[in-house]
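Accompanying notes for the structure given below.
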Amino acid sequence: MYFIGKSTILLYFLILFTPVLLAQEEPIIRQNLVAGSDITVKKTLPDINFAAVGDFGCGDEANRTVNNIITKNPRLVLALGDLSYSGETGCWFKLVSPFERNNIALRIVVGSHDIGKNSDKYDQYLNHFKMDKPYYSFDYQNLHFLGMTTGKESLIPYDNASDQYQFVKNDLEKTHGNSNIDWIIVFGFTPLYSTFTVHSGDGDLRDLYHPLFNKYGIDLVIQAHNHNYQRTYPLLYNEHIPSKPIITDKNKEKYSNPKGEIFLTVGTAGADLHNLTGQKPFIVKQFDDSHGFLNIDITNNGKKLISTFYENRELSVKDRFTMIKN
């Protein structure tokens, strides 16, 4: 007869059950772009980055933008509309083909030049990217992306009676209650707000969607159409004077749990640049002399967002700001 002491029992327990305990503690991480409803619960998240830019064309500058984006090795690129200014799509598909060769996911929204009189272009874009609708959402790790088509309301409606509006509302309501999502990013073509330049901010779009974005805690709205770069302070909708949004934080570079949305205009992929003729009070940074792209890094276990605009010349930093979620 042998006596089994407490230390022996503990040793047996560790040998038998440690693998199970360790397996239970392993982080579960979503590594693929998935439909908005099925993100996986996570514990530890790796650093990731994605890029965004619009108003391409098929010229040398757009090609330079694509090549420069690849040097940052993003997991994802958001193309913000006005993809090809010619009557066909082939040159643009060729332009962005290096993304696929480098295993970089590409997601698009269409702009006014993509859904004009020639419906063939629009159909080709949707077919190429296997899109059944021109608005959609998806999750990546702890980020939720919502793509809207706002180029021409008469052709693809976004008013409060439209299917698109109902989709956006339902999607944001559902995402707002998802504890696995830390960041909500909307991307589209037409700007809700703009400084003094070629295209003004769209008042109808602003008055309908900015209150919705406030309600459901959107973080960034990335847009194009103006061929320049603009960044706002964090903004709340001003129901009394809608054209003058409420600035909630006047810090220029660092934000911690800011109230309201930061709106970014990044129409700098390759089309001829639009001059700026002044600066509105809600704009913190703007310039009209550089093509380039936006690169956004998500770090610190998914809680820190670093947004950087790289101009194509020598990949120099033209703008940078940080957001932190506590």
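Residue numbers for the sequence shown, in the working numbering: 1 to 326.
Backbone N, C-alpha and C define an ideal beta-carbon position, used for all residues, glycine too.
Where the alpha helix (DSSP H) containing R107 begins and where it ends: That residue, R107, is in no alpha helix (DSSP H); its beta strand (DSSP E) goes 105-108.
For A51, count the other beta carbons within 10 Å of its own beta carbon; 16 or more makes it buried, fewer makes it exposed. Which is it? buried
For V77 and V66, I'd like the C-alpha separation in whole angstroms. Going by the C-alpha atoms only, they are around 10 Å apart.
Where F56 sits in the DSSP three-state scheme: coil
Does the Cβ of K121 have 16 or more other Cβ atoms within 10 Å, making it buried, or fewer, making it exposed? The residue is buried, with at least 16 neighbouring Cβ atoms inside 10 Å.
Could you check how far apart the C-beta atoms of S270 and F56 are, in whole angstroms? I think they sit under 8 Å. What sits at residue 270 in the sequence shown is Gly, not Ser. Between F56 and G270 the Cβ distance is about 5 Å, and since that is below 8 Å, they are a contact.
Using a 10 Å radius around the Cβ and a threshold of 16 neighbouring Cβ atoms, would you call I298 buried or exposed? Label assigned to I298: buried.
Spatial neighbours of D182 in its chain, beta-carbon cut-off 7 Å, leaving aside the 5 residues before and after: N142, G302, K303, K325
Sorted by chain position, which residues of the same chain lie with C-beta nearer than 6 Å to A79's C-beta, five sequence neighbours on each side aside? I108
Mark H240 as exposed unless 16 or more other C-beta atoms lie within 10 angstroms of its C-beta, in which case mark it buried. exposed
Cutoff 7 Å; reference S256; Cβ partners in own chain excluding five residues on either side: I324, N326
Whole-angstrom distance between P211 and Y237, CA atom to CA atom: Each residue's Cα considered, the two are about 6 Å apart.
Is the distance from the Cβ of P74 to the Cβ of N295 below 8 Å? yes
Could you name each continuous beta strand (DSSP E) segment of 3 residues or more that falls completely within the stretch 225-305, going from the start of the chain to the end? 229-232, 254-256, 262-266, 283-287, 292-299
I need the DSSP call for D120, collapsed to helix, strand or coil. helix
What is the residue span of the alpha helix (DSSP H) that K174 lies within? In the DSSP assignment, K174 falls within the unbroken alpha helix (DSSP H) covering 163-176.
I'd like to know if the stretch 142-153 and the stretch 163-182 are in contact, where contact means that at least 3 CB-CB pairs between them fall below 8 Å. yes
Only counting the same chain, and skipping five residues up and downstream in sequence, which positions put a Cβ closer than 7 Å to that of E173? Y216
Who does S137 pair with in a DSSP beta bridge? Paired residues: L146.
Nearest to I283 (by Cα), restricted to the options R101, Y193, N226: The option with the nearest alpha carbon to I283 is Y193.
Under a three-way DSSP split, which group does H202 fall into? Checking the displayed sequence, the identity of residue 202 turns out to be Asp instead of His. Three-state DSSP puts D202 in coil, outside helix and strand.
With respect to the alpha helix (DSSP H) encompassing R101, which residues constitute its N-terminal and C-terminal limits? 90-101
Short check: CB of T175 to CB of I184, under 8 Å? Contact check for T175 against I184 passes: the beta carbons are separated by less than 8 Å.
Quick one: any contact between the stretch 196-213 and the stretch 89-105, if contact means 3 or more CB pairs under 8 Å? no
Quick check on this structure: which residue in Q223, K250, A224, Y229 has the alpha carbon closest to the alpha carbon of L235? Selected option, being the one with the closest Cα: K250.
I218, DSSP secondary structure in three states: coil
Are the beta-carbon atoms belonging to D336 and D82 less than 8 Å from one another? In the structure as shown, the chain starts at 1 and stops at 326, and residue 336 therefore has no counterpart that could be examined.
Opposing strand residues paired with I48 [DSSP bridges]: According to DSSP, which records beta bridges pairwise, I48 is partnered with I298.
Sequence-distant residues of its chain with Cβ nearer than 8 Å to N63 (five each side left out): L95, G270
Rounded to a whole number of angstroms, what is the C-alpha to C-alpha distance between E88 and V110? 14 Å
Simplified DSSP assignment, three categories, for Y193: coil
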